[in-house]
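Chains as they are written, first to last, in my numbering: chain A, 1 to 283; chain B, 1 to 442; chain C, 1 to 131.
Step one of this worksheet: look at the structure below.
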Amino acid sequence: MPEIKLKLKKQPDFPLEADVISPDNLAGKSTAEIKNLELYVANEKTTIGEFFSVSGKSGDAKELKIIIDGNLSKVKRIGEKMTDGEIIINGNVGMHVGNQMSGGKILVNGNADDWAGAMLKGGELEITGDAGNYVGAAYRGFWKGMGNGVIRVKGKVGHEALTWADGSVVAKRFPTLYCGSAGSFLGMHGHGATIVVEGDVDRCAGADQVKGTIVIKGKVSRLLPSYKKIGEVKEIDLFNGEKITGKFIEYSGDHSVKKNHNVIDKKTNKVKISVNGRLYIAA
Amino acid sequence: MVEKKINTVYDVVCPFCGTLCDDLEVDVNIKENLVVEVRNACQIGTKKFFSSNPSPHRYEKPLIKDNGTFKEVSWDEAIDIAADILAKSKRPLLYGFASTECEAQSKGVELAETLGGILDNTASVCHGPTLLAEQDVGVPTSTLGEYKNRADLIIFWGSNPVHAHPRHLGRYSQFVRGYFRKDGRNDRFIIVVDPRNTHTAQIADLHIQVNPNEDYELMNGIRAMLRGVELDAKMISGIPIEKIKELIKILKECKYGVIFFGMGLTQSLAHHRNIDTAICLTRELNDYTKFLITPMRGHYNITGANTVFTWNTGYGYSIDFSRGYPRYNPGEFSSVDLLMRDEIDASLIVASDPASNFPAASVKNLFKHPLISVEPHHTPTSENADIILPAAFAGIECEGTAYRMDHVPIRLRKVKDAPGECLTDREILEKLILKVKEKLGE
Amino acid sequence: MSLENLILLTGRTINQGVALEGGKTTKENVRAAGICAIDKDDFKKLDSIVGTPVKITTDFGEVVVYSTISEEGPHPGIIFIPMGPWANQLVNPDSQSCGTPTYKGMKAKLEIIQTGKVLDALELIKTLKEA
């Protein structure tokens with residue numbers, strides 16, 4: 001199996017932009033060629049060889065495994081737009097890891113900074129430590145964020161994870177986040193996200209959610225007033241076919257969103273509001 | 001004939017806040033080049049005109065710090081040293097631009113692009129979240145004249161215009177008589193939402209005393225109730241549900257409503273999410289009546305800075321040129337976050353005072369690196385700078401264009417000459433661009 | 001005497017606006033922005049006179065300012081410091097990655113101090129340069 005090993009030789013003075021490090025770009029290249037690939041630090045161009053020692057043998061992107069060692073907390077954009085293969089990062093990693101990837105797998109054995117897995121279109125991103133703000137979120141001004149794929153974070157995710165998620169049951173796209181705990185505004189403006197949180201969540205989970213499922217196995221510091229209690233449930237079906245068992249209180253929402261439908265009940269002549277978003281909080 | 005001593009300039013535009021009052025009258029002593037009287041302006045605007053007179057607080061010559069004290073140098077020398085610092089730096093931060101005219105701002109963009117640096121304006125610490133929310137959900141807005149003539153419901157949410165925009169109430173929103181609001185104040189209903197009973201709230205018809213940092217929940221609740229949803233909660237953000245119902249009735253029944261919002265929403269927790277939901281609320285209120293929303297911009301030309309940066313680069317603030325093309329991401333390239341992570345190596349501050357206005361922890365990192373200040377006044381930033389380039393006051397000592405808070409461009413007037421060797425911001429930036437290009441070999 | 005579990009708000013006041021245009025390094029600026037407006041009832045609990053220096057502490061820093069009674073009350077549990085170098089010693093620099101720091105709504109503690117001086121803007125900012 002082809003494998004490339006990169007080891008950070010020295011810490012950059014300024015953030016190092018390493019969007020070139022992905023199986024797609026390193027596939028089929030010799031170590032000398034890889035060393036010459038361009039990176040950016042501040043307003044200067046540099047090369048992979050300048051900052052990393054490179055070893056191993058490259059091959060087809062599909063089977064290529066890139067292993068990166070060192071404290072990469074100042075290295076941004078690793079695995080940007082990757083489509084296949086695997087990246088294993090041993091250490092903390094900087095912003096935008098795996099942003100817009102559509103296939104393959106990234107494993108971070110450490111913490112990740114902001115925008116990890118932003119606008120993911122497929123594939124899998126696993127972080128064993130904590131992640132920063134905007135995990136799997138849409139970039140500024142985009143109305144369609146994470147479209148598919150899975151993000152797993154063992155620890156805490158920051159604020160506004162998975163905003164503007166864009167899932168579809170018909171098209172079988174299930175943007176999914178599993179995390180230990182979460183900051184505020186989890187899954188804001190969600191359109192079909194699946195979020196499972198093992199622990200506690202800060203205020204305003206599911207703000208402006210049109211449809212989607214948020215399961216919180218801990219507590220929410222402040223529940224939004226626009227969520228309405230439906231009742232207790234013992235089993236939850238997720239979009240991707242998984243089932244979660246346990247005692248949960250089911251809420252529907254976000255009732256403030258206009259995109260949810262107001263229907264007038266013909267019998268009672270009262271406004272009936274159908275809302276597809278669901279929030280489950282452990283009872 | 002008696003020689004004329006005092007010249008009165010009419011219809012002067014006040015370069016202080018985003019209201020950009022354009023009816024000032026300024027008397028200038030021509031012989032001594034002094035402002036002697038300002039009429040129609042608010043307290044702050046008046047003070048600004050007077051403070052442009054030569055005083056111990058004004059810089060008149062370029063200064064360079066030498067062993068802890070400033071020494072006077074020639075313009076050529078100051079520009080040369082400043083350009084040297086900028087050309088050698090790898091990640092310079094160009095910050096400020098809100099209190100200068102549009103021509104200087106576009107020169108700032110050119111300099112940032114030449115240097116491959118980071119360009120930011122003061123929106124980054126005030127109404128940046130407004131821009132983020134506008135990019136996410138759009139904005140239904142109008143000009144202030146429209147509000148003056150038509151609005152019968154005015155909401156100030158997290159904004160205190162009595163203190164921050166003193167003439168806004170008199171010119172556009174509260175007391176002024178409009179074409180369809182002939183009786184002025186009596187024809188308008190004023191609502192203030194604020195955790196404190198501010199002076200604006202004291203002259204309003206209704207004050208909603210919301211808990212600090214809980215605005216989002218309140219607006220979220222209002223939006224749901226507006227659609228006819230019966231909520232589970234009895235109290236939202238410290239406001240009883242009955243009072244919110246009353247409020248919603250007022251919102252629905254007005255003829256033309258407008259929400260003015262300020263720092264109370266953008267600088268408290270939830271930041272741009274507050275604005276996001278406020279815009280959605282405004283949009284949804286249009287199902288019942290006419291409703292619009294406008295941010296109360298602080299600096300007189302911060303709207304101009306956002307506009308000029310946008311038509312030059314595509315983005316309003318927090319722009320990074322390090323890869324040769326503009327990229328935008330507040331939080332990554334915004335000044336305070338950059339400083340907190342200590343990611344810059346030099347800074348050029350144009351017409352701004354980050355040392356006073358940034359959180360202390362970030363100011364520490366600002367002072368670690370060479371600092372060039374383009375500034376007419378003694379400020380905590382300029383006093384700690386390495387190079388001070390004395391500037392003329394835009395709008396008082398030079399002409400230019402500024403954008404009012406509702407995106408109406410207004411031509412600033414010149415009422416007197418700048419003292420000493422002061423140059424305009426535009427001239428200083430032009431000189432810097434030429435010198436930097438020369439040093440970079442372009 | 002001290003008050004705990006307060007919420008600190010910051011913002012523009014007209015006096016602060018006038019003072020900053022008139023010269024940020026002046027004593028006028030200290031009088032305008034180096035102050036803390038306290039709710040009337042909270043102030044009674046302090047058992048002191050207006051103008052007594054108080055030390056405000058938040059999770060992010062501390063600063064000594066003059067105490068005053070708020071004209072914009074009642075707002076029990078809330079203290080207000082006009083925007084400027086004094087307030088900025090106390091504010092939360094975290095922007096939640098949106099660029100704008102959290103200038104309002106920090107938990108704060110207020111105590112009357114026996115010794116200590118309200119620094120002027122330059123002295124205050126200089127402490128940041130030396131640190």
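Every residue, glycine too, gets a C-beta built ideally from N, C-alpha and C.
Source: prediction; values computed, not measured.
Within-7 Å CB hit, residue i to chain C
i        : result
A:Asp114 : yes
A:Asn189 : Residue 189 of chain A is actually His in this sequence, not Asn. By this cut-off, A:His189 is not an interface position.
B:Asn40  : no
B:Leu269 : yes
B:Asn213 : yes
B:Val415 : no
B:Ile44  : yes
B:Asn384 : yes
CB contact flag (residue i, residue j, <7 Å)
i        : j        : result
C:Leu128 : C:Phe80  : no
B:Leu63  : B:Ile344 : no
A:Leu120 : A:Met146 : yes
C:Leu122 : C:Thr25  : yes
A:Gly155 : A:Gly132 : no
B:Gln135 : A:Arg140 : yes
A:Ala205 : A:Val220 : yes
B:Ile293 : B:Ala133 : no
B:Ala402 : B:Ile410 : yes
B:Ile79  : B:Lys431 : yes
A:Leu39  : A:Thr46  : yes
CB contact check: residue i to chain F, cutoff 7 Å
i        : result
B:Asp337 : In the structure shown, chain F does not exist; the protein chains are A, B and C.
Interface partners of residue i on chain C, CB under 8 Å
i        : result
B:Thr313 : Those within 8 Å of B:Thr313 in chain C number zero; the least Cβ separation is about 16 Å.
B:His207 : Within 8 Å Cβ-Cβ: nothing; B:His207 doesn't reach chain C, min ~11 Å.
B:Lys48  : Glu21
A:His159 : Gln96, Ser97
B:Gly264 : Gly11, Lys104
Nearest-angstrom Cβ-Cβ length linking residue i and residue j, presumed shorter than 8 Å
i        : j        : result
B:Thr122 : B:Gly96  : 7 Å
B:Ser318 : B:Phe333 : 4 Å
B:Glu25  : B:Val12  : 7 Å
Contacts that residue i makes with chain B (C-beta to C-beta distance below 8 Å)
i        : result
C:Phe80  : Arg196
A:Ala207 : Tyr216, Asn220, Arg273, Thr277
7 Å Cβ cutoff, residue i in contact with chain B
i        : result
A:Ser256 : yes
A:Pro175 : no
A:Ser22  : no
C:Ile14  : yes
C:Asn88  : yes
A:Pro225 : yes
C:Val85  : The sequence shown places Pro at residue 85 of chain C, rather than the Val named in the question. Output row for C:Pro85: interface = yes.
C:Ile7   : yes
A:Phe239 : no
Residue-chain proximity (residue i, chain A), Cβ-Cβ < 7 Å
i        : result
B:Leu86  : no
B:Asn220 : yes
B:Val109 : no
Proximal chain C residues relative to residue i, where beta-carbon distance stays under 7 Å
i        : result
B:Pro376 : Going along chain C, no residue has its Cβ under 7 Å from B:Pro376, so there is no contact; the nearest lies around 11 Å.
B:Leu132 : Cys98
Neighbouring residues, chain B, relative to residue i (Cβ below 7 Å)
i        : result
A:Ala42  : Lys90, Arg91, Ser322
A:Arg278 : Residues of chain B passing the Cβ test: none, with the nearest at roughly 16 Å.
Neighbouring residues, chain A, relative to residue i (Cβ below 7 Å)
i        : result
B:Asp120 : Simply none; closest approach about 15 Å.
Residues that residue i contacts on chain B, provided the C-beta gap is smaller than 9 Å
i        : result
A:Lys228 : Ala224, Val229, Glu230, Leu231, Asp232
To be precise: take each residue of the region 20-36 of chain C, compare its Cβ to all Cβ atoms of chain B, and keep it if any distance is under 7 Å. Which residues remain?
Glu21, Gly22, Gly23, Lys24, Thr25
Going along the region 59-76 of chain C in order, which residues come within less than 8 Å of chain B, judged by CB to CB distance?
Phe60, Gly61, Ser70, Glu71, Glu72, Gly73, Pro74, His75
Any residues in the region 123-157 of chain A with a beta carbon nearer than 8 Å to a beta carbon of chain C? Which ones, in chain order?
Gly132, Asn133, Tyr134
Mind checking the region 99-130 of chain C against chain B and listing, in chain order, the residues whose C-beta falls within less than 7 Å of any C-beta there?
Gly99, Thr100, Pro101, Thr102, Tyr103, Lys104, Gly105, Ala121, Leu122, Ile125, Leu128, Lys129
By the 9 Å beta-carbon criterion, what residues does the region 179-205 of chain A contribute toward chain B?
Ser184, Phe185, Met188, His189, Arg203, Cys204
Contact list for the region 172-203 of chain B against chain A, Cβ threshold 7 Å:
none
Quick one, which residues of the region 144-163 of chain B are near chain C if we go by CB-CB under 7 Å, in chain order?
Asn160, His163
Listed from N- to C-terminal order along the chain, which residues in the region 232-245 of chain B have their beta-carbon within a distance smaller than 7 Å of any beta-carbon of chain A?
Asp232, Ala233, Ile236
Got a sec: which bits of the region 86-114 of chain A sit with their beta carbon under 8 Å from any beta carbon on chain B, in order along the chain?
Met95, Asp114
Can you list, in chain order, the residues of the region 66-84 of chain A whose Cβ is nearer than 7 Å to any Cβ on chain B?
none
Under 8 Å (Cβ pairs) to chain C, residues found in the region 344-367 of chain B:
Asp353, Ala355, Ser356, Asn357, Phe358, Pro359, Ala360, Ala361, Ser362, Val363, Lys364, Phe367
Chain-ordered residues of the region 2-29 of chain A with a beta carbon less than 8 Å from chain B
Asp13, Phe14, Pro15, Glu17
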